[in-house]
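Participant: If you read the protein sequences in the order shown, they are chains A and B.
In case it helps, our numbering puts the first sequence at residues 4 to 587.
In case it helps, our numbering puts the second sequence at residues 4 to 587.
Cβ atoms here follow ideal geometry from the backbone N, Cα and C, with glycine treated the same way.
Dumping the structure here so I can ask a few things about it.
Number of protein chains: 2
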Amino acid sequence: MPNLRLALSQTDPWVGDIARNCDEVVRWTRQAAEAGAQLVAFPEMALTGYPVEDLALRGSFVEASRSALVELAVRLAAEGLGELPVLVGYLGRSEQAKPNRPAGSPQNCAAVLHRGEVVNRFAKHYLPNYGVFDEHRYFVPGDQLSVLRLHGVDVALAICEDIWQDGGRVSAAREAGAGLLLVINGSPYERNKDDARLELVQRRAAEAGCPLAYLNMVGGQDELVFDGDSLVVSAEGEVIARAPQFEETLLLVDLELPAASANHTDGLLLVDGLRLVRTELDGGPEGEPGNGKQSVYEPQPRLSDEAEIYGALVEGTRAYVRKNGFGSVLIGLSGGIDSALVAAIAVDAIGAANVHCVSMPSRYSSQHSRDDAAELAERTGLNFRTVPIAPMFDAYMEALGLTGLAEENLQSRLRGTLLMAISNQEGHLVLAPGNKSELAVGYSTLYGDSVGAYGPIKDVYKSLIFRLSRWRNELAEERGEVPPIPANTISKPPSAELRPDQVDTDSLPDYDLLDTVLDLYVEGDQGRDAIVAQGFDAAVVDRIVRLVDTAEYKRRQYPPGPKISRKGFGRDRRLPITNRWRQG
Amino acid sequence: MPNLRLALSQTDPWVGDIARNCDEVVRWTRQAAEAGAQLVAFPEMALTGYPVEDLALRGSFVEASRSALVELAVRLAAEGLGELPVLVGYLGRSEQAKPNRPAGSPQNCAAVLHRGEVVNRFAKHYLPNYGVFDEHRYFVPGDQLSVLRLHGVDVALAICEDIWQDGGRVSAAREAGAGLLLVINGSPYERNKDDARLELVQRRAAEAGCPLAYLNMVGGQDELVFDGDSLVVSAEGEVIARAPQFEETLLLVDLELPAASANHTDGLLLVDGLRLVRTELDGGPEGEPGNGKQSVYEPQPRLSDEAEIYGALVEGTRAYVRKNGFGSVLIGLSGGIDSALVAAIAVDAIGAANVHCVSMPSRYSSQHSRDDAAELAERTGLNFRTVPIAPMFDAYMEALGLTGLAEENLQSRLRGTLLMAISNQEGHLVLAPGNKSELAVGYSTLYGDSVGAYGPIKDVYKSLIFRLSRWRNELAEERGEVPPIPANTISKPPSAELRPDQVDTDSLPDYDLLDTVLDLYVEGDQGRDAIVAQGFDAAVVDRIVRLVDTAEYKRRQYPPGPKISRKGFGRDRRLPITNRWRQG
Chain A
4 MPNLRLALSQ TDPWVGDIAR NCDEVVRWTR QAAEAGAQLV AFPEMALTGY PVEDLALRGS
64 FVEASRSALV ELAVRLAAEG LGELPVLVGY LGRSEQAKPN RPAGSPQNCA AVLHRGEVVN
124 RFAKHYLPNY GVFDEHRYFV PGDQLSVLRL HGVDVALAIC EDIWQDGGRV SAAREAGAGL
184 LLVINGSPYE RNKDDARLEL VQRRAAEAGC PLAYLNMVGG QDELVFDGDS LVVSAEGEVI
244 ARAPQFEETL LLVDLELPAA SANHTDGLLL VDGLRLVRTE LDGGPEGEPG NGKQSVYEPQ
304 PRLSDEAEIY GALVEGTRAY VRKNGFGSVL IGLSGGIDSA LVAAIAVDAI GAANVHCVSM
364 PSRYSSQHSR DDAAELAERT GLNFRTVPIA PMFDAYMEAL GLTGLAEENL QSRLRGTLLM
424 AISNQEGHLV LAPGNKSELA VGYSTLYGDS VGAYGPIKDV YKSLIFRLSR WRNELAEERG
484 EVPPIPANTI SKPPSAELRP DQVDTDSLPD YDLLDTVLDL YVEGDQGRDA IVAQGFDAAV
544 VDRIVRLVDT AEYKRRQYPP GPKISRKGFG RDRRLPITNR WRQG
Chain B
4 MPNLRLALSQ TDPWVGDIAR NCDEVVRWTR QAAEAGAQLV AFPEMALTGY PVEDLALRGS
64 FVEASRSALV ELAVRLAAEG LGELPVLVGY LGRSEQAKPN RPAGSPQNCA AVLHRGEVVN
124 RFAKHYLPNY GVFDEHRYFV PGDQLSVLRL HGVDVALAIC EDIWQDGGRV SAAREAGAGL
184 LLVINGSPYE RNKDDARLEL VQRRAAEAGC PLAYLNMVGG QDELVFDGDS LVVSAEGEVI
244 ARAPQFEETL LLVDLELPAA SANHTDGLLL VDGLRLVRTE LDGGPEGEPG NGKQSVYEPQ
304 PRLSDEAEIY GALVEGTRAY VRKNGFGSVL IGLSGGIDSA LVAAIAVDAI GAANVHCVSM
364 PSRYSSQHSR DDAAELAERT GLNFRTVPIA PMFDAYMEAL GLTGLAEENL QSRLRGTLLM
424 AISNQEGHLV LAPGNKSELA VGYSTLYGDS VGAYGPIKDV YKSLIFRLSR WRNELAEERG
484 EVPPIPANTI SKPPSAELRP DQVDTDSLPD YDLLDTVLDL YVEGDQGRDA IVAQGFDAAV
544 VDRIVRLVDT AEYKRRQYPP GPKISRKGFG RDRRLPITNR WRQG
C-alpha cells in the first residue's frame with residue numbers, strides 16, 4: 004500500500020482579510036513542506052474567513068477572493084512551494100446557470116493549487132441552512148466529486164456539510180473507489196460537539212470505505228468559535244490522529260492507503276448527480292517513508308467539559324477584541340459572580356494589563372460587594388478604579404422622582420452610561436456581563452447592564468457560571484497560582500443590589516430549576532405542556548415561558564457573544580418580537 | 004362561460020394569536036357570504052400570522068395551528084357558513100419523509116374548508132430564502148397542484164413565492180387547464196413594489212393562460228409591513244380589480260371564466276414534479292349573476308410615492324405598538340426634523356393623546372430648537388414636557404472629566420436614560436428617531452439617541468425625511484388642517500447640537516450626495532471601485548464605505564423599524580461585525 008504524508012493546517016482565517024489569510028497559507032505551507040508533507044489542506048473558505056455572511060452577495064468581494072486564489076498559486080510556486088499540492092477553501096462563483104439562479108452566483112468553493120496553477124475547483128454540495136447557517140441564501144450547490152490522484156492514491160475531496168448529511172460525497176467517494184476522503188471544515192464549537200464529530204467522522208469513514216481526514220479551523224468570529232479538533236480516522240473508525248482544541252497547529256500524519264485502482268472515466272455520474280472529476284498530479288516531494296497508520300504527533304489528551312467551554316469563551320473574547328482592532332477592555336465590576344467570571348476570562352484572553360475595571364457602587368451596594376470587586380482586582384492584577392453613582396442618581400431623582408422598577412433600572416443605566424463614557428474617553432471595548440439565564444427571562448436592564456460590544460458569557464446559564472468559576476479557581480490552585488475569583492463572590496447568594504436586601508431568588512426560581520426548564524424550552528424547543536408533563540410545577544413553567552417570550556425585544560438589542568450551546572440567543576434562534584403565542 | 008363571485012379577504016393576521024385569527028376568518032367569511040361570494044380566500048398563514056420565524060420549529064405551535072384549522076372548519080359550518088368554500092393559509096407539516104428531512108417537518112400550507120371539513124391541503128412549492136426570508140430554514144416544499152372545481156370552473160391554488168419564480172405552479176396551472184389561478188400571499192411592502200407586483204401578476208396570468216387573483220395581507224409585523232394591494236387581472240393582463248394599500252378590506256369580484264373541460268386524472272405529474280390533485284365541490288351558494296369581468300367595487304386610485312411610504316411607516320408603528328400591548332409612546336423631541344417626523348407618524352398612528360414627548364435641552368441646545376419642539380407639540384396637540392439635562396451632565400463631568408466625543412456622547416446617553424426612566428415610570432413605549440443615513444455611517448450614539456423599542460424611520464434616508472415632512476405638511480394644508488411640522492424644523496441645517504455651532508455637514512458629506520452613494524453601496528451591494536467609476540469622488544466614497552463598514556456593531560443593537568426599501572438594516576442585510584474587508 005502506498006504511503007501519504009498529509010498535513011492538516013488547523014489555522015484561524017480572519018473574515019475579510021484576504022491578504023493576511025493568503026500570507027498565512029504561504030507560511031503554513033512552508034512548514035508543511037519542511038516537514039515533508041505530500042499534500043497540505045486548509046479550512047473551508049480559508050482565503051476569506053468564515054462565515055462571510057452577506058459579503059458573499061458583494062460581487063467585488065467574490066472577485067477579490069477569486070483573483071487572490073490565482074495569485075496565491077503563482078506566489079506559492081515563486082516561493083519554491085509549487086511542488087506541494089495545496090487544498091484551500093475560498094469564495095467562488097458558479098459557471099453555469101441553475102433554475103432561478105444565474106451563472107456567476109456565489110459558491111462555497113475549494114481548489115487545489117499545484118505548480119503555480121489552480122488544477123481543480125469544486126463547490127460544497129450540501130449547504131447547511133439551519134441553526135446559525137444560511138447557506139441557501141448565498142450559495143449554489145456544487146455537483147462534482149473531485150478526486151486527486153497523487154503518489155498512487157485517490158483522494159476524494161469534500162467540504163463540511165457534505166459529511167453531515169446522508170448520501171452525497173461520502174457515498175460518491177465509495178463509488179469512486181477513493182483511498183482517502185479529505186474534508187475541510189468551518190465547524191463552530193458547541194458543547195459536546197467534539198464527541199458528536201468523532202462519532203460522525205467514524206460513521207462516514209465506514210460509509211466511504213476509506214480513511215477520513217477532517218480538518219477544522221480555530222478562532223472566533225462574532226458569535227461563533229471554531230475549536231479545531233481536526234482528526235483522522237481509519238476506515239474501521241480507529242483514531243489515527245487528533246489535533247488539540249482552540250490552537251493553531253499543523254497536524255501531520257503518515258497514512259498507509261489503498262492504491263488507486265478504479266479506473267472510472269471523468270464525468271461519470273455518481274450518487275445525487277455528482278460528476279466525477281479526477282486530477283492526476285505527478286511529481287511532488289518524495290516524503291520520508293511513513294510507518295503506517297501512525298501520526299507524526301501523538302493524539303492529544305481531551306479537554307474536560309469545563310476546560311472546553313472556558314476555552315471557547317476565552318477564544319471568542321480574544322478574537323472579538325483583537326480582530327476588531329482593540330487593545331483593551333472595560334468591565335463594570337459589581338462584586339458578583341457574573342462580572343467576576345467575565346473579568347477572569349478577559350484576563351486570560353488579553354492579559355491583566357489590558358483589562359480595566361470599574362466599581363460603581365450605589366447606596367444599595369453592600370460593603371462585601373465593594374470588597375469582593377477590589378479583591379478580584381488584587382488577585383488578578385487588572386486595572387481597577389471606583390466611581391460612585393450617587394451624584395448622577397440624585398440628579399435624575401430630583402428631576403423625575405422615580406419609584407420601583409424605574410428607580411432600579413436607573414441605577415443600572417447610570418452605570419452603563421458611565422462605562423460608555425470611560426470607553427469613549429480611553430478607547431477600551433466594553434464587555435457585557437449578562438448570562439444566559441438572565442437574558443432568557445429578561446432579568447437585565449436594556450442600556451444598563453446590557454451595555455457592551457461583546458457578551459462573553461451570554462450563552463452560559465447561571466448554574467454553569469458557578470461551575471466554571473470554581474473550575475477556574477481550582478485550575479489556578481493546581482498550577483500554584485492565585486485563584487482569580489474571590490471565594491465570597493462564589494459562595495454568596497446572587498443579587499442585583501438595586502434595592503435594599505434584594506436577592507435574585509426574590510423574583511426568580513432557584514437557578515438550578517430555572518436553567519433546567521430553560522434548557523427544555525430554549526434549546527429543546529419543547530412546548531409548555533411537554534415540559535409540565537416531565538414533572539415540573541405548571542405555575543413555574545408558565546411563568547418562565549412567559550418571561551422568556553416577552554423578553555425577546557431585550558435580546559434583540561443585546562451584543563453578540565460566543566455560542567457554546569446547541570442554541571444560543573443569536574443567529575441560532577430567530578423569534579418574532581411581536582408574538583402573541585403564549586402557550587410555549 | 005360560467006360566472007364566479009370571488010372574495011379576497013385582505014386582512015391583518017396577528018403572529019401567534021391563532022384564536023383571534025380564527026375569529027377574524029369567521030367574521031370576514033360571514034361578510035363574504037352575505038355579499039354572495041362563491042369562494043373566499045385568506046392570506047398566506049392567516050391562522051398563525053406571518054412570518055412566524057422560529058415558532059415554526061416548535062412542535063406545539065405547529066399542532067396548535069393544525070388543530071385550529073380543523074376546528075375552524077367545524078365552526079364555520081356550525082355558524083351556517085359551511086357552504087361557502089374558504090381557502091386559508093396555516094402552518095402545517097409534511098406527511099412523508101424527504102432526503103434529510105423527516106416526516107412531520109413544518110410546511111407553509113393552505114387548505115380549503117367546506118361543509119365542516121378540510122377538503123384539500125397543500126404546501127408552498129417554491130420557498131423564498133433571500134432578503135428577509137428564511138423559508139428553507141423552516142419548510143419542506145409542497146409537491147402538488149391543488150385544483151378546486153366549483154360552479155363549472157377549475158381554480159388552481161398557489162402561495163406567494165410560487166409566482167415569483169419561473170415554472171412551478173404557474174406552468175402547472177396552464178398544463179392542468181385551469182380557469183383561474185388564485186394566489187394567497189404574505190408579501191411585504193417595499194417602495195415601488197406595487198408596480199413590480201402588478202407587472203409580475205400580469206406576466207404570470209399570461210403564462211398560466213387564465214385570470215390571476217392575487218391576495219395579500221395588510222398590517223405590520225416587527226420590521227415588515229404588508230400593504231395589501233390585492234388585485235385581479237385577466238389572462239390578457241387587464242386589471243379587473245385592485246384593493247387599496249394598508250387597509251383591511253373584502254375585495255369582491257365577479258369573474259366570467261372559461262368552463263372546466265380538461266379531464267386530467269388525479270395524480271398526473273405536471274412540471275417540476277407537481278402532482279395534480281383536483282377537489283370537486285358541489286352545491287354552494289348560487290350567487291347573483293355577475294356582469295362579466297367586472298369587479299363589484301371600482302379599482303382604487305393609487306397612492307403617491309410619499310403617501311405610500313408614509314402609510315407604511317404609520318402602519319408599521321401602529322402595529323408594533325398595538326400588537327405588543329402598548330397604549331402610548333414616548334419620544335425625545337430635539338426640535339430637529341427626525342424626531343419631528345417620528346412624532347407626526349406617531350400622532351397619525353395612535354392619536355396625539357397617546358403620544359408623549361420630552362424636550363431635554365443641554366447648554367448646547369439652541370433657543371430655536373427648544374422653540375421648534377414646543378411648536379410641534381402645539382401644532383399636533385401631543386403631550387409635552389421639558390427636562391433639562393444640565394444637572395446629570397454636571398454630575399458625570401465632575402466624576403470623569405470627559406472631553407471631545409466622550410462629552411458629546413454623554414449628552415445623548417443622558418437623554419436615553421431619561422427617556423427610559425420616564426418609560427419605566429409611566430409605561431410608554433419609546434420610539435427611536437434614527438434615520439437610515441445616520442445608521443449607515445454610524446452617526447448616532449449607542450444607548451443614546453438609539454434608545455427605543457421601535458425605530459419608525461430607520462429605513463428612511465435623510466433626503467427622503469425632508470420630502471416626507473414637506474409632503475405631510477402639504478397634505479394637512481390640502482385638508483385644511485394645521486401642518487404638524489414647524490417650517491423652521493424643515494428649513495434649518497441639521498445639527499446634533501452636542502457642541503457649540505455644530506452642524507451635520509461638519510463631519511458628513513451633503514445628505515443628497517451621501518444618500519446617493521449609500522443607495523449604491525447598501526441597497527445595490529456595489530463595490531467601491533464600481534461606485535467611483537460612476538463619477539463620485541474617490542475620497543468621499545472611501546470615507547463613506549469605511550464609515551458604513553465600521554458601524555455594523557451599532558446597527559446590530561438598534562431596535563427594529565419598518566422596512567420600506569429594497570434592503571433595510573435588519574433581517575435583510577446580514578453582515579459580520581468582525582470584518583476586515585475594507586475595499587467595498
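1) Considering only C-alpha positions, which residue in the set A:L385, A:P54, A:S237 is nearest to P261 (chain A)?
2) According to DSSP, is N6 (chain B) helix, strand or coil?
3) Report the neighbours of N111 (chain B) on chain A: residues whose CB is nearer than 8 Å to its CB, in chain order.
4) May I have a chain-ordered list of the alpha helix (DSSP H) segments no shorter than 4 residues that lie completely inside the region 132-194 of chain A?
5) What do you get for L408 (chain A), buried or exposed, if any count of 16 or more other CB atoms within 10 angstroms of its CB means buried?
6) For E429 (chain B), which of helix, strand or coil comes out of DSSP?
7) Tell me whether the region 360-380 of chain B and the region 493-501 of chain B touch, counting them as touching only if at least three CB pairs, one residue from each stretch, are closer than 8 Å.
8) Mark L90 (chain A) as exposed unless 16 or more other C-beta atoms lie within 10 angstroms of its C-beta, in which case mark it buried.
9) Restricting to Cα atoms, I'd like to know which of A:G134, A:S331, A:A113 is closest to H128 (chain A).
10) Near A38 (chain A), which residues of its chain fall below 6 Å by C-beta distance, leaving aside the five closest residues on each side in sequence?
11) To the nearest angstrom, report how far apart A71 (chain A) and A36 (chain A) are at their CA atoms.
12) Rounded to the nearest angstrom, what separates I21 (chain A) and E98 (chain A) at their Cα positions?
13) Buried or exposed, going by whether 16 or more other CB atoms sit within 10 Å of the CB of E239 (chain B)?
14) Given that Q560 (chain B) touches chain A, what residues does it touch there, using C-beta distances under 7 Å?
15) Please compile the residues from chain A whose C-beta is within a distance smaller than 9 Å of the C-beta of A67 (chain B).
16) Could you tell me which chain B residues have their CB closer than 8 Å to the CB of N602 (chain A), listed as they occur along the chain?
17) Quick one: measure Cβ to Cβ for A346 (chain B) and V358 (chain B), integer angstroms, because I've assumed they're closer than 8 Å.
18) Can you pull the chain B residues whose beta carbon is under 9 Å from the beta carbon of Q428 (chain A), in chain order?
19) So, is G328 (chain B) buried or exposed, given that buried needs 16 or more other C-beta atoms within 10 angstroms?
20) Return the residues of the region 413-425 of chain A that lie within a Cβ-Cβ distance of less than 8 Å from chain B, sorted by chain order.
21) Judging by CA-CA distance, which residue of B:R140, B:F136, B:G134 is the nearest neighbour of N132 (chain A)?
22) Here's a check: name, in chain order, each residue in its chain whose Cβ is nearer than 8 Å to the Cβ of L595 (chain B), leaving out the five neighbours to either side.
23) Check each residue of the region 211-238 of chain B: if its Cβ is closer than 7 Å to any Cβ of chain A, include it; give the result in chain order.
24) If you follow the alpha helix (DSSP H) that S440 (chain B) is in, where does it begin and where does it stop?
25) Taking buried to mean at least 16 other C-beta atoms within 10 Å of its own C-beta, is K570 (chain A) buried or exposed?
26) Among A:L405, A:E381, A:L422, which one has its Cα closest to the Cα of Y399 (chain B)?
27) Would you decide whether Q248 (chain B) is buried or exposed? Buried here means 16 or more other CB atoms lie within 10 Å of its CB.
28) Report yes or no: do three or more beta-carbon pairs, one from the region 445-454 of chain B and one from the region 478-485 of chain B, lie closer than 8 Å?
29) Do you know whose CA, among B:L227, B:S415, B:G338, B:E250, lies nearest Y323 (chain B)'s CA?
30) Sorted by chain position, which residues of the same chain lie with C-beta nearer than 7 Å to R585 (chain A)'s C-beta, five sequence neighbours on each side aside?
31) According to DSSP, is G455 (chain A) part of a helix, a strand, or is it coil?
32) Would you decide whether K461 (chain A) is buried or exposed? Buried here means 16 or more other CB atoms lie within 10 Å of its CB.
33) What in chain B is Cβ-close to I580 (chain A), meaning under 7 Å?
34) Can you tell me where the alpha helix (DSSP H) with F469 (chain B) in it begins and where it stops?
35) Assign V115 (chain B) to one of two classes, buried (16 or more other C-beta atoms within 10 Å of its C-beta) or exposed (fewer than that).
36) Counting Cβ pairs closer than 8 Å, one from the region 532-551 of chain B and one from the region 480-495 of chain B, do we hit at least three?
Facilitator: If we stick to the structure as given:
1) A:S237
2) strand
3) Those within 8 Å of N111 (chain B) in chain A number zero; the least Cβ separation is about 15 Å.
4) 138-141, 171-178
5) exposed
6) helix
7) yes
8) buried
9) A:A113
10) L255
11) 21 Å
12) 22 Å
13) exposed
14) Q560, P562
15) G530, W584, Q586
16) Past the boundaries of the shown model lies residue 602 (chain A); chain A is included only from 4 to 587, so the question cannot be answered.
17) 6 Å
18) L403, G404, L405, T406, G407, L408, A409, E410
19) exposed
20) L413, R416, L417, G419, T420, L421, M423, A424, I425
21) B:R140
22) The shown model of chain B, from 4 to 587, leaves out residue 595 (chain B), and the question about it has no answer.
23) Q224, D225
24) 439-444
25) buried
26) A:L422
27) buried
28) no
29) B:L227
30) R549, D552
31) coil
32) buried
33) D225, P563
34) 465-481
35) buried
36) no
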